């Protein structure tokens with residue numbers, strides 16, 4: 347008798363405290379110990395224009411804190427190391443990240459790099475990522491966050507992504523030391539986001555969900571239904587936020603959906619893919635293209651290439667997310683691919699390789715970079731079935747829209 351497919355065994359752990367809602371930033375004053383010496387990290391200054399910076403300073407007026415700014419989208423190792431030196435010199439014992447996922451990701455790296463006992467903290471990202479436990483972090487400076495750009499869920503997970511300009515590398519790192527102690531999510535902080543950042547955040551969230559949902563159908567009804575609900579919210583609420591940036595309900599739904607998409611909840615008990623992200627990271631490292639844009643460019647090609655393996659879930663998505671009840675599973679899977687492209691295009695997200703600076707002449711280089719993960723860094727093959735090798739990357743890229 348064939349065993350019924352069901353949940354993979356799992357442990358769920360997430361210690362991050364969430365404070366959600368309008369005008370919640372003043373609660374900072376009670377969330378960080380009064381005796382802490384804080385380094386507040388942020389990006390290019392948008393928090394000074396939208397009032398968040400002033401709110402944070404007011405909440406921390408009885409605390410001692412320094413500032414570190416200039417963290418860029420696709421945060422860089424080289425810039426982050428400047429903050430590491432500040433932490434060591436000033437004996438910083440609490441980090442407060444104010445911004446989006448890039449700011450939080452850089453701050454997570456800073457938190458473990460400041461406590462790293464060996465010479466090059468990049469080893470924690472590049473070497474331990476591929477299994478060398480010697481380079482695992484042993485300690486971290488505690489982190490809190492005030493999120494202003496919903497996209498990555500870094501405010502409620504234990505991961506970060508970091509690029510190193512000198513080597514054109516981009517890797518992600520996960521460790522339980524990296525969970526923020528708390529995160530404040532005030533949807534009103536997103537009212538002044540540029541249109542392209544709202545679009546990028548929505549697409550990033552959408553594909554985070556897909557990497558955990560569009561894999562093997564194991565009859566995991568709880569994470570599946572949550573994932574489908576989140577996808578439906580992204581599809582319905584993103585146009586509302588773009589039309590009326592101060593629509594609190596739309597902004598709140600998008601913000602909480604982004605957090606729920608990658609706080610580990612919908613990943614428990616299921617196979618995960620992440621091949622779209624792996625290929626996208628290489629493109630960002632090569633061209634500097636926005637992370638979400640690379641994902642949108644890769645998704646259609648990967649789905650077409652792996653349609654047979656993903657067919658059950660893509661058909662399920664057609665029924666439950668896009669409302670197509672009739673037709674074969676093949677027809678429904680094709681429908682999902684097309685409707686997803688149409689959704690991305692409708693909100694202003696292109697789904698072409700040329701939009702992220704990639705042409706046919708770059709395919710071999712991308713394949714070579716992925717192959718280096720396997721041969722040099724001993725990474726496993728990509729995909730939920732670990733069956734995507736370097737040779738498959740070119741085939742996937744050939745199925746993407748140029």
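Residue numbers (this note's numbering): 347 to 748.
Virtual Cβ for every residue (Gly too), placed ideally from N, Cα, C.
Keep in mind it's a predicted model, so treat the numbers as computed, not measured.
- For residue 395, the uninterrupted alpha helix (DSSP H) segment begins and ends at 392-395.
- If the five residues before and after residue 679 are omitted, its C-beta is found closer than 6 Å to the C-beta atoms of 653, 657, 660 and 661, all from its own chain and listed in chain order.
- Proximity of the region 520-527 to the region 350-369 meets the contact definition, three or more beta-carbon pairs being nearer than 8 Å.
- Residue environment: residue 677 is assigned as exposed (fewer than 16 neighbouring CB atoms within 10 Å of its CB, all protein chains considered).
- Distances from the alpha-carbon of residue 480 to those of 468, 488, 487 and 490 put 468 closest.
- Pairing residue 404 with residue 434, the inter-Cα distance amounts to about 26 Å.
- For the set 498, 730 and 415, the Cα lying nearest the Cα of residue 562 is the one of 730.
- Less than 9 Å separates the beta-carbon of residue 450 from that of residue 506.
- Residue 677: member of the alpha helix (DSSP H) spanning 675-692, first to last residue.
- When only Cα atoms are considered, residue 674 and residue 638 end up about 31 Å apart.
- Counting along the chain, residue 711 sits inside the alpha helix (DSSP H) bounded by residues 709-721.
- Around the beta carbon of residue 543, a 10 Å sphere encloses 16 or more other beta carbons of the protein chains shown; the residue is thus reported as buried.
- For residue 532, there is no enclosing alpha helix (DSSP H), as DSSP marks it with neither H nor E.
- Residue 633 holds the alpha-carbon nearest to the alpha-carbon of residue 514 among 612, 633 and 688.
- Going by beta carbons, residue 529 and residue 439 fall outside the 9 Å limit.
- Taking C-alpha positions only, residue 578 is separated from residue 688 by approximately 14 Å.
- In the three-state reduction of the DSSP assignment, residue 732 falls in the coil class.
- For the options 700, 428, 612 and 739, the alpha carbon positioned closest to that of residue 716 is the one of 739.
- 461 is the residue among 466, 471, 461 and 495 whose C-alpha sits nearest the C-alpha of residue 486.
- Straight-line spacing of the CA atoms in residue 519 and residue 401 works out to 31 Å.
- The closest CA to that of residue 737, considering only 410, 711, 602 and 641, is found on 711.
- Residue nearest to residue 431 within the set 409, 420 and 457 is 457 (criterion: CA-CA distance).
- Residues of the same chain with a CB within less than 6 Å of the CB of residue 442, apart from the 5 flanking positions on each side, are 384, 386 and 490 in chain order.
- With fewer than 16 other Cβ atoms inside 10 Å of its own Cβ, residue 464 counts as exposed.
- In the structure shown, the three-state DSSP call for residue 443 is strand.
- Shortest Cα-Cα distance from residue 534 to any of 571, 581, 726 and 368 involves 368.
- The beta carbons of residue 598 and residue 590 sit no closer together than 9 Å.
- When beta bridges are read from the DSSP output, residue 515 appears opposite 510.
- When secondary structure is reduced to three states using DSSP, residue 414 falls in the strand class.
- In the three-state reduction of the DSSP assignment, residue 490 falls in the strand class.
- A Cβ-Cβ separation of about 13 Å leaves residue 586 out of contact with residue 537 under the 8 Å criterion.
- With contact defined as three or more Cβ pairs closer than 8 Å, the region 543-553 and the region 683-700 are in contact.
- By the neighbour-count criterion, in which 16 or more other beta carbons inside 10 Å mark a residue as buried, residue 558 falls on the buried side.
- When C-alpha distances from residue 353 are compared across 629, 714 and 565, the shortest belongs to 565.
- With respect to residue 667, residue 574 sits close: the two C-beta atoms are nearer than 9 Å.
- In this structure, DSSP gives residue 520 an extended state, which the three-state scheme calls strand.
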